[in-house]
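Note sheet for the following structure.
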Amino acid sequence: MGMLAVEGTYDKMNALLSQNIHPVDILLLMAASETEGDKPKIEELLRAGASYSIKDADGRTALDRAASDEIKDFILGFSVQKA
């Protein structure tokens with residue numbers, strides 16, 4: 109959590125936690141929206157059960173927040189493989 113505070117996202121994370129969003133889903137929302145997206149982190153979170161359909165306070169999902177179409181396709185592709 110210390111890294112989140114350094115990156116200035118600690119307040120965002122707390123806001124999402126106050127909405128009763130599971131922490132793994134919060135991390136997926138944040139990882140997908142990073143500048144280049146972090147595929148290994150995203151894959152690990154999806155394997156841990158994170159849902160890309162959970163919405164943040166603005167009504168946006170991890171797919172909506174994806175840093176690029178490549179990250180969006182990666183999330184969707186992983187979900188199809190998992191099914």
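Sequential numbering of the sequence shown, starting at 109, is according to this note's numbering. Quick reminder that beta carbons are idealized off the backbone N, C-alpha and C, glycines included. Just so you know, these numbers come straight off a predicted model, no measurement behind them.
Figure out for me which residue from the options has the closest Cα to the Cα of residue i.
| i | options | result |
| --- | --- | --- |
| Pro131 | Tyr160, Glu142, Gly145 | Tyr160 |
| Ala175 | Ala165, Ser141, Asn128, Lys120 | Ser141 |
| Ile134 | Tyr118, Thr143, Lys147 | Tyr118 |
| Glu151 | Met121, Lys120, Lys180 | Lys180 |
| Asn128 | Asp172, Asp164, Met138 | Asp164 |
| Leu124 | Gly167, Ala156, Pro148, Arg155 | Gly167 |
Can you give me the Cβ contacts of residue i inside the same chain, cut-off strictly under 6 Å, excluding the 5 residues immediately before and after it?
| i | result |
| --- | --- |
| Leu136 | Leu153, Ala158, Ala170 |
| Gly110 | Note that Gly110 scores 40 on pLDDT, short of 50, meaning its location in the model is unreliable; the coordinates nonetheless yield the value given after this. For Gly110, where only same-chain residues beyond five positions count, there are no Cβ hits under 6 Å. |
Ignore the nearest five residues each way along the sequence and tell me which others in residue i's own chain have a CB closer than 8 Å to its CB.
| i | result |
| --- | --- |
| Glu178 | Gly145 |
Could you please give the first and the last residue of the uninterrupted alpha helix (DSSP H) stretch that includes residue i?
| i | result |
| --- | --- |
| Gly140 | One detail in the question is off: residue 140 reads as Ala in this sequence, not Gly. It spans 131 to 140 - the alpha helix (DSSP H) in which Ala140 sits, taken as one unbroken run. |
| Asn122 | 118 to 125 |
| Arg168 | Arg168 -> no alpha helix (DSSP H), and no H or E assigned at all. |
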